[in-house]
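Residue numbers (our numbering): 2 to 508. A virtual CB, placed ideally from N, CA and C, is assigned to each residue, including glycine.
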Amino acid sequence: MRRTVLVARWLAPLGGGVLVALSLPPFGLWPLALCGVAILAWSLRGQPTVSRAAAGFLAGVGQFAIGLAWADKFTLLGYSGLVILHSAMFAVACVLVPGGPARAPATAGLLTLAEWARERWPFGGVPPGGIAFGQLGSPLVGTARVGGTVLLVGVTYLAGVSISELAACWFQRRGRHGVHDNGLIAGCLSLAVVVALAIWGAFAADGGPPVRTLRVAIVQGGGRRGLSDVQVSASDVYAAALRATTIVHPPVELVLWPEDVVALGEPLKGSPQAAQLSAIARRLHTTLVAGITEPVGATQFRNEIVTYSPSGALVAVFEKVHRVPFGEYVPWRSFFSHLANLEAIPRDAIPGHGSGMISTPVGRVAVLVSYETFFPDRGRSGVTAGGRLILVPTNTSSYSSEQAPAQEMAASRLQAIEEGRDLLQAAPTGYSAVVDNRGDVLRLTRLSVSAVLRATVALRDGTTLYTRFGDLPTVLLALCASLVAWVLAIAERRREKSLRKTARPPQ
């Protein structure tokens, strides 16, 4: 019996992590995340430091081994290291969970801080696989308008921990062990906070009414997925985009092509491709936004988004800021070259600069290039600078499964909610989509097919609370909840110690 309990203690957090992973795209079973967090919180109750660390680590393994499965496309070693590192962050968070009356908010706060940290470190962070991306269908998703993804993460954890506290009190009652008043109160109060924040998020400012509308077309050339850069022909990708564009006809004010569909072996200026892009803009009398790559010497390249006006003139260039580690560049290349074959990444992308807002003939827009859509601060930067519409040219063609594009689609929807902006996403083989400012998908392509999405979208200039204040208020709140919980736990221990001394009979 004792061995069975021990096995359950070890398997429970692992299973909880798996449930969180199954809440993520492409599975999308959002209630499972709350169950998974509740199981992890139960696994931490009354456990020593080593057991809490093990529970947090196993929960991380269950979540990230599945949620980051797309990363094995780069290297198995890198994928394994990523899972271990992120799981270790959860282990640290669980070690720091105190006992006492404020255990519930502290657990949620510490896990939120762990998620926030892994989204930023190392190498700029790897946000995919995070619990927030599974909550697009939940009633909690509106909290992203109030405090961004980090608040959505915190509320999701708080909801799961509240369920755990209330379930523990219920089982104690059935077992006739009595109900711990503090646990019941903490669970009820935490759940009330979750409900209040969900209601607030549902009615919070969402970018305001349209300033004007825009007729747009999103081009998806189509083609096979799961191919490496060596296996796919850049000319074929470009030709597919050209063919798809032939079915676009005026009137259209904005045409969006995906990321790096124009892979150049020379500078853009004066190239045949530049002349063709210019001609397309003139033929359609439209603003054309397209992704290009061009070499810089033998070891570097630029990943850029270029904009052509209806007259065919090149009017704006934006260079991708947030590069994909081990995808677009190799950090510490001399070191990692001893651990893995880096021939698939012979050049490093040069990091760009700027807010991401570009001025175009149809107005100011915020541009997030592919991986940047996973980072809320990139969308906030472009919208704060004046972007009235969000554009996400991307390329997830090298992944054979739908996991990476599905998680990226969830990230783009969260960007639309956080910033209160309509959003257009274009990918060579999908997913391409039109998303409104509430995060609802209005148009969506299938993977691999050639398609053109036509739609009328809104330009907005209102702001959400997240756009105004960013992550800092939520991060400070999570930190304060953790610190206050520790203060209360220490005070509780001292009080109990004092009571024991007072109750001790005289010698």
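Candidates the options: closest to residue i by CA position
i, options, result
"residue 278", "406, 240, 334", "240"
"residue 142", "281, 153, 324", "153"
"residue 384", "401, 403, 360, 400", "360"
"residue 248", "490, 269, 470, 219", "219"
"residue 391", "62, 480, 415", "415"
"residue 314", "362, 333, 261, 299", "362"
"residue 86", "99, 61, 101, 105", "61"
"residue 79", "437, 116, 324, 332", "332"
"residue 238", "222, 246, 253", "222"
"residue 210", "439, 267, 453, 51", "439"
"residue 312", "303, 126, 283", "283"
"residue 375", "388, 365, 405", "405"
"residue 51", "348, 92, 474", "92"
Reduced DSSP category for residue i - H, G, I as helix; E, B as strand; rest coil
i, result
"residue 1", "The requested residue 1 is not part of the displayed model; the chain covers only 2 to 508."
"residue 203", "helix"
"residue 1", "Within the shown structure, residues of the chain are numbered from 2 to 508, placing residue 1 beyond reach of any answer."
"residue 327", "coil"
"residue 247", "coil"
"residue 113", "helix"
"residue 365", "strand"
"residue 273", "helix"
"residue 403", "coil"
"residue 296", "strand"
"residue 303", "strand"
"residue 216", "strand"
"residue 432", "coil"
"residue 378", "helix"
"residue 25", "coil"
"residue 20", "helix"
"residue 320", "strand"
"residue 391", "strand"
"residue 349", "strand"
"residue 78", "helix"
Integer Cβ distance of residue i from residue j, believed to fall under 8 Å
i, j, result
"residue 259", "residue 395", "6 Å"
"residue 217", "residue 456", "6 Å"
"residue 413", "residue 386", "The pair is not a contact, with the Cβ atoms about 19 Å apart (cut-off 8 Å)."
"residue 449", "residue 224", "7 Å"
"residue 112", "residue 89", "Wrong, their Cβ atoms sit about 14 Å apart, outside the cutoff."
"residue 459", "residue 214", "6 Å"
"residue 107", "residue 96", "Contact doesn't hold; Cβ gap of about 12 Å is too wide."
Whole-angstrom distance between residue j and residue i, CA atom to CA atom
i, j, result
"residue 134", "residue 408", "7 Å"
"residue 184", "residue 165", "10 Å"
"residue 188", "residue 77", "41 Å"
"residue 264", "residue 195", "47 Å"
"residue 39", "residue 380", "32 Å"
"residue 110", "residue 435", "34 Å"
"residue 66", "residue 202", "31 Å"
"residue 207", "residue 442", "16 Å"
"residue 273", "residue 74", "33 Å"
"residue 489", "residue 481", "12 Å"
"residue 371", "residue 295", "17 Å"
"residue 467", "residue 190", "24 Å"
"residue 326", "residue 226", "21 Å"
"residue 56", "residue 11", "7 Å"
"residue 321", "residue 309", "18 Å"
"residue 494", "residue 103", "13 Å"
"residue 47", "residue 100", "7 Å"
"residue 517", "residue 433", "Because the chain spans 2 through 508 in this model, residue 517 falls outside it and cannot be assessed."
"residue 368", "residue 382", "10 Å"
"residue 250", "residue 285", "6 Å"
"residue 178", "residue 168", "Confidence in residue 178 is poor, its pLDDT being 49 and thus under 50, which makes the residue's placement too unreliable to answer from."
"residue 486", "residue 290", "50 Å"
"residue 118", "residue 146", "21 Å"
"residue 451", "residue 426", "15 Å"
"residue 305", "residue 429", "16 Å"
"residue 148", "residue 469", "10 Å"
"residue 328", "residue 346", "7 Å"
"residue 276", "residue 423", "30 Å"
Where residue i falls, given that 16 or more other Cβ within 10 Å makes a residue buried
i, result
"residue 204", "exposed"
"residue 501", "exposed"
"residue 301", "exposed"
"residue 397", "buried"
"residue 200", "exposed"
"residue 24", "buried"
"residue 82", "exposed"
"residue 297", "exposed"
"residue 122", "exposed"
"residue 498", "exposed"
heavy atom of the ligand ZN below 6 Å from residue i C-beta
i, result
"residue 223", "In terms of ligand content, the structure shown is empty, and the ligand ZN therefore cannot be addressed."
7 Å Cβ cutoff, residue i in contact with chain C
i, result
"residue 128", "Here there is only one protein chain, and chain C is not present."
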